[in-house]
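J.: A single structure is presented below for examination.
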Amino acid sequence: MEENVTLQSEPQNPRKGAGRRGAIRTAIAAILAATLTGALAVGAGAQSSTPVKGGTLTLGVGRPLQDFDPYQGANQNYIIAKTLYSNLISYTDDLKPEPDLATEWKLAEDNRSVTITLRDTVFADGSPLTAEDVVAGIKRAQDPKIAFTQRGVAEFIESATAIDPHTVRVDFTRPTGEDRVLDWMFYFPVVKAANNNPEFLKTGAAGSGPFMIGSYSPGTELTLVKNPHYYEEGKPYLDEVVYRFFTDQDGLVSALLSGDVDGTVWQELRYDQQLAQDFQLIDGSLSAQTQLLYVNPVNAPFDNVECRRAVLRAVDRENIRRTVQGDVGITVLGPFPPNAPAYDEELYSQVSFDMEAAKKGIAEHCATKTATAAVSPSPGVATILTIVQANLAEAGFDLKLENMDAATFISLVRKGEVQMGSFPTVNPFRSVASLATNRGFSGGDSNYWWFGKGAPADYDAALEAVRSALTPEEIAAANRQFNEALLNNIWTTGLFTMIDRAAMSPKVHDFQFALGSQLVLNNTYVAE
Amino acid sequence: MARFVIRRLLQFIPVFLLAAIAVWALIYALPGDPAEALAGLNATPEEIAAVRERMGLDQPVWVQFLTWLGNAAAGDLGVSSSSAFSVSGLLAKHIPASAQLAVFAMFIVILIAIPLGMVKALAPHRLAGRIVNVYLSLSLATPPFWIGQLLILAFAVSLRMLPAASRYVPFWEDPGQALRNMVLPALALGIYSGGVLARFVAASLSEAMESDYVRTARSKGASETRVVLRHAMRNSMLPVLTVGALQLGTLLGGAVVMEVLFSYSGIGRLLFESIRTRDYAVMQASILFVVILYLVLSLLVDVLYAALDPRIRLK
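Below, the structure written as structure tokens:
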């Protein structure tokens, strides 16, 4: 008989036993993680001991909603991801798994399957939530036409079987480490099977989260009402949440200042000073996203790895972070936030800011000393690339900036025609394999930065090692191999951990961001 | 008159078709792939192909155009690729909002333009005329969005009297709330457009006051008030009507910047969002709505010309 081991345990430390160097790294990470968790602890709205039930919270939102599909991980959907849906598990700030819709989960001893016990609950429409809904959801995540952002994290799954109405067994294509399984469970939303398709979820929701849709006027307003069937007793406290969508940042902040809305989400950081005195400024998760700088390794002059390395050494990340985000966020050299197991800033120090090394490297290794950076309209990108331009000018490299709209930028990146660009990546939590679902980090031919050429062989081998690692020692070794391969072929560097920003009037209590920066309103209430 | 109107309406058809082709061509000339933009940077080729198929972009451009034209002729303007709502439904929601704002703004425009234009024309060298001159220069030199920002700062942020973000509340449902929500964007639009129209009123009235029929009216002993209101004003309204109609068209077609600034859900904001998200169906329908609007307004102006001036015969 197959023996099972529970995954409800302390997160394993893959760096354990990695020697003195590992200890130093661990200490640095611990300090940064302490900063991080400290920041997160104050990242919630005002707290009060006696929550007030009922009432309406009106929030101004700085990004339009894309749809109600939780398989579409675009950050525009973060206002509904955790309010209309529940996932299998959640993570604490230090990445410990906690039950959500999965009350128990057991990984098979051979690491080839996980058996999940589901909570006895119902969807917002009152229909029972069953194992068949999870099975249907996994099938959708395997359909490349409609899987969207669920496809990558679920790619190790072969099939799913409903054992009984509340038990589902998920079989893997290969032995898979618990970190990757947990990341998938963290990302996986349970959607009612009958409605789990992009067409329905464009205009309707089918989840079991604390709220459900009251009314929706695209681009204008979305009203959520309390889900009477929500499994957490007494929650949510609010009867209604109204999201009002703003295209203009000045308009968003003016609406807050004038009292039209109780709070704003995703306003730009430049308004902090204006809002700090009268409103609670609430930071999103520091580990949700990292802003990165990419250079195209396929086209000259960046087809020379030493030129790429030299150019990236000219980038003053600390200055960029302070200019773009002020005192918040953490400057990073690699793609991982400090609480990720693969975080290894010591290793990445070989691409840290060093103007003299940059000047020498550019002079020696860059065949031409000019390139063009694509400036997308995302917040902060123009500032970032302007600073990079100044840094590179000092290092003897002429960087031109070309402004473009988001659609053009995406098309050019996907065609491998962008020489340099900056945009964030959603962070992996426990497993590096989750990062590789991002096509800027994926292996083989699907990596758009290695367009037409394919990712380097040593990088592909490192990804394979990450996917195969099972024990803490194997995971630690694979993480290091991954970081080394990334550095050997360097085409991207971390800049800083990005934060989302909310501002709430003092009457809003316990407003929170989830670890992935989605809005969590289970505990939120309004009290004068 | 009826034959003239019917003939003009028939002329609309080729104009509309040409406009539709031009808009379609311009939309397709935009760089970037809407399917890629909608699917996102990390989408697989299969996902993008599926999105492209859902949006109908997998067909040749001319097939897409003819399909759209056929459906539009049958009253089906398609489905918004970004929200999945029917385009006609979205237009039906946003056009009344813009229309209400336009009517209210036009009311303010007329309240500003007629009296100020008259003062400038009739007393150009007196103190009142000079003050009006200063106001007109200022109103023309100040961009409406800046006026809007100042109004928000004063009345919404500082005094907290009026909302900074204006919602569309139908006037017939709640007149008080409708006025409360419209007053700032309408004022911002009205101050600028009122200045423009006032200059036309002044110029036209000044010219009329120098004309023979005014001299004749005076020589017949008509009072100055009667001369101005009965004789000069009526005739001077013809060119003003043209400019006023064009301004009404601008307001009805969506004062894009103002609707974005006040987060007001009119046709201008819908168009802005559709361009940002490369929502072809909404873009096409919104722009063609504006084209039709201008065609209808130009027809109305011609008809009104005949009504105001019996010398004009519509042939």
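First to last, the sequence lines map onto chains F and R. Heads up: the first sequence begins at 24 in my numbering, then just goes up one per residue. Heads up: the second sequence begins at 208 in my numbering, then just goes up one per residue. For every residue, glycine included, the Cβ atom is placed at its ideal position computed from N, Cα and C.
For Arg437 of chain F, would you say it is in contact with chain R, using Cβ-to-Cβ distances shorter than 8 Å as the test?
T.: One-based indexing of the first sequence puts residue 437 of chain F at position 414. Answer yes: the Cβ-Cβ gap between Arg437 of chain F and chain R drops below 8 Å somewhere.
J.: What does Asp428 of chain F reach in chain R if we use C-beta pairs closer than 7 Å?
T.: Here residue 428 of chain F is taken as the residue at index 405 of the first sequence, counted from 1. Per Cβ cutoff of 7 Å: Gly239.
J.: Measure the beta-carbon distance from Leu539 of chain R to Ala320 of chain R and round it to whole angstroms, keeping in mind my assumption that it falls under 8 Å.
T.: Residue 539 of chain R cannot be examined here, being either before or after the span of chain R that is shown, 208 to 522.
J.: Where does the unbroken alpha helix (DSSP H) through Gln356 of chain R begin, and where does it stop?
T.: As a first step, residue 356 of chain R must be located in the second sequence, where it is residue number 149. Here the alpha helix (DSSP H) through Gln356 of chain R covers 351-358.
J.: Where Glu487 of chain F and Pro93 of chain F are concerned, what is the direct C-alpha to C-alpha distance, given to the nearest angstrom?
T.: In the first sequence, counting from the first residue as 1, residue 487 of chain F sits at position 464. In the first sequence, counting from the first residue as 1, residue 93 of chain F sits at position 70. Glu487 of chain F and Pro93 of chain F: Cα-Cα distance of roughly 28 Å.
J.: Look at the alpha carbon of Pro303 of chain R and the alpha carbon of Gly473 of chain R, and state the distance between them as a whole number of angstroms.
T.: By one-based count along the second sequence, residue 303 of chain R stands at place 96. By one-based count along the second sequence, residue 473 of chain R stands at place 266. Whole-angstrom Cα-Cα distance: 8 Å.
J.: Could you compute how far the alpha carbon of Leu478 of chain R sits from the alpha carbon of Tyr235 of chain R?
T.: In the second sequence, the residue the question calls residue 478 of chain R occupies position 271. In the second sequence, the residue the question calls residue 235 of chain R occupies position 28. Leu478 of chain R and Tyr235 of chain R: Cα-Cα distance of roughly 16 Å.
J.: What residue from F:Thr515, F:Arg524, F:Tyr114 has the CA that sits closest to Val318 of chain F's CA?
T.: Here residue 318 of chain F refers to the residue found at position 295 when the first sequence is read from its first residue. Here the closest residue by C-alpha is F:Thr515.
J.: With 8 Å as the threshold, decide whether the Cβ of Asn388 of chain R is near any Cβ in chain F.
T.: Sequence index remark: in the second sequence, residue 388 of chain R carries index 181 (1-based). Answer no: the Cβ-Cβ gap between Asn388 of chain R and chain F never drops below 8 Å.
J.: Chain B partners of Gly274 of chain F, CB-CB under 9 Å?
T.: Any reference to chain B falls outside this structure, whose protein chains are F and R.
J.: Pair every Cβ in the stretch 187-195 of chain F with every Cβ in the stretch 139-155 of chain F, then say whether three or more of these pairs are closer than 8 Å.
T.: yes
J.: Check whether the Cβ atoms of Pro74 of chain F and Tyr260 of chain F sit closer than 8 Å, and answer yes or no.
T.: Here residue 74 of chain F corresponds to residue number 51 of the first sequence, with the count starting at 1. Here residue 260 of chain F corresponds to residue number 237 of the first sequence, with the count starting at 1. Result yes, Cβ atoms of Pro74 of chain F and Tyr260 of chain F sit closer than 8 Å.
J.: Quick one: give me the first and last residue of the beta strand (DSSP E) that Tyr317 of chain F is part of.
T.: Here residue 317 of chain F is taken as the residue at index 294 of the first sequence, counted from 1. Taken as a continuous stretch (DSSP letters only), the beta strand (DSSP E) holding Tyr317 of chain F covers 312-318.
J.: Which of the three DSSP states is assigned to Pro120 of chain F in this structure?
T.: Your numbering for residue 120 of chain F matches position 97 in the first sequence. Under the three-state reduction of DSSP output, Pro120 of chain F falls in the strand class.
J.: Find out if the Cβ-Cβ distance for the pair Thr313 of chain F, Pro495 of chain F is shorter than 8 Å.
T.: Along the first sequence, read from residue 1 onward, the residue named residue 313 of chain F stands at position 290. Along the first sequence, read from residue 1 onward, the residue named residue 495 of chain F stands at position 472. Against a cut-off of 8 Å, the Cβ pair of Pro495 of chain F and Thr313 of chain F comes out as no contact.
J.: Would you tell me roughly how many angstroms separate the C-alpha atoms of Gln307 of chain R and Glu380 of chain R, rounded to the nearest one?
T.: Position 100 of the second sequence holds residue 307 of chain R. Position 173 of the second sequence holds residue 380 of chain R. For Gln307 of chain R and Glu380 of chain R, the distance between alpha carbons rounds to 13 Å.
J.: Buried or exposed, going by whether 16 or more other CB atoms sit within 10 Å of the CB of Ala56 of chain F?
T.: Here residue 56 of chain F corresponds to residue number 33 of the first sequence, with the count starting at 1. Legend: pLDDT at Ala56 of chain F = 44, less than 50; position of this residue unreliable, no value from coordinates given.
J.: Give a yes or no on whether the C-beta atoms belonging to Ala462 of chain R and Leu396 of chain R are separated by under 8 Å.
T.: Taking the first residue of the second sequence as 1, we reach residue 462 of chain R at position 255. Taking the first residue of the second sequence as 1, we reach residue 396 of chain R at position 189. Result yes, Cβ atoms of Ala462 of chain R and Leu396 of chain R sit closer than 8 Å.
J.: Reducing DSSP to helix, strand and coil, say where Trp128 of chain F ends up.
T.: Working through the first sequence from its first residue, we reach residue 128 of chain F at position 105. Strand, per DSSP.
J.: So for Arg387 of chain R, helix, strand or coil by DSSP?
T.: Counting from 1 along the second sequence, the entry for residue 387 of chain R is found at position 180. Residue state, collapsed to three classes: helix.
J.: Could you list the residues in the stretch 80-112 of chain F with a C-beta less than 9 Å from some C-beta on chain R, going in chain order?
T.: Going along the stretch 80-112 of chain F in chain order, one finds Gly83, Pro87, Leu88, Gln89, Asp90, Gln95, Gly96, Ala97 with a Cβ nearer than 9 Å to chain R.
J.: What did DSSP end up calling Met235 of chain F once you bin it into helix, strand or coil?
T.: Working through the first sequence from its first residue, we reach residue 235 of chain F at position 212. Reduced to three states, the DSSP call for Met235 of chain F is strand.
J.: In the DSSP output, which residue or residues are listed as bridge partners for Arg86 of chain F?
T.: Position 63 of the first sequence, counted from the start, is the residue given in the question as residue 86 of chain F. BP columns for Arg86 of chain F are empty, so no partner.
J.: Grab the span of the alpha helix (DSSP H) containing Thr140 of chain F for me, first residue to last.
T.: Stepping through the first sequence from its first residue, residue 140 of chain F is reached at position 117. DSSP places Thr140 of chain F outside any alpha helix (DSSP H); the residue lies instead in the beta strand (DSSP E), whose first and last residues are 136-141.
J.: Less than 7 Å between C-beta atoms, sequence neighbours within five positions excluded: which residues of the same chain meet that for Pro188 of chain F?
T.: Stepping through the first sequence from its first residue, residue 188 of chain F is reached at position 165. So the qualifying residues of the chain are Thr153, Ala154.
J.: For Asn506 of chain F, which option in F:Ser372, F:Gly439, F:Pro400 has the closest C-alpha, if you only look at C-alpha atoms?
T.: On the first sequence, residue 506 of chain F is found 483 positions in, with the first residue counted as 1. That would be F:Ser372, whose Cα lies nearest to the Cα of Asn506 of chain F.
J.: According to a CB-to-CB cut-off of less than 8 Å, which residues of the stretch 313-333 of chain R neighbour chain F?
T.: none
J.: Taking 8 Å as the threshold (beta carbon to beta carbon), is Arg259 of chain R in contact with chain F?
T.: If you number the second sequence from 1, residue 259 of chain R lands on position 52. No, no contact with chain F.
J.: Here's the rule: buried if 16 or more other CB atoms are within 10 angstroms of the residue's CB, otherwise exposed. What is Trp353 of chain R?
T.: Along the second sequence, one-based indexing puts residue 353 of chain R at 146. With fewer than 16 other beta carbons inside 10 angstroms of its own, Trp353 of chain R counts as exposed.
J.: Of all Cβ atoms in chain F, is any one closer than 8 Å to the Cβ of Glu253 of chain R?
T.: The residue you call residue 253 of chain R lines up with position 46 of the second sequence. Answer yes: the Cβ-Cβ gap between Glu253 of chain R and chain F drops below 8 Å somewhere.
J.: Can the beta-carbon of Ala312 of chain R be found less than 8 Å from the beta-carbon of Ser400 of chain R?
T.: Taking the second sequence and counting its residues from 1, the one referred to as residue 312 of chain R is at position 105. Taking the second sequence and counting its residues from 1, the one referred to as residue 400 of chain R is at position 193. In this structure, Ala312 of chain R lies near Ser400 of chain R, with their beta-carbon atoms less than 8 Å apart.
J.: Using a Cβ cut-off of 8 Å, which residues of the stretch 280-297 of chain R contact any Cβ in chain F, in chain order?
T.: Cβ contacts with chain F come from Ser287, Ser289, Ser290, Ala291, Phe292, Leu297.
J.: Can you tell me which of the three DSSP states Phe91 of chain F falls into?
T.: Locating residue 91 of chain F in the first sequence gives position 68, counting from the first residue. Looking at Phe91 of chain F - three-state DSSP - the assignment turns out to be coil, as it is neither helix nor strand.
J.: Is the stretch 509-529 of chain F touching the stretch 282-298 of chain F in the sense that three or more CB pairs, one from each, lie closer than 8 Å?
T.: When C-beta atoms of the stretch 282-298 of chain F are compared with those of the stretch 509-529 of chain F, three or more pairs fall below 8 Å, so the two segments count as touching.
J.: Starting from Phe536 of chain F, follow its DSSP beta bridges and name the residues at the other end.
T.: Position 513 of the first sequence, counted from the start, is the residue given in the question as residue 536 of chain F. DSSP lists F:Leu542 as partners of Phe536 of chain F.
J.: Starting from the C-beta of Ser481 of chain R, find all residues in its chain whose C-beta is less than 7 Å away, skip the five residues before and the five after it, and write them out in chain order.
T.: Taking the first residue of the second sequence as position 1, residue 481 of chain R is located at position 274. Hits under 7 Å: Val489, Met490, Ser493.
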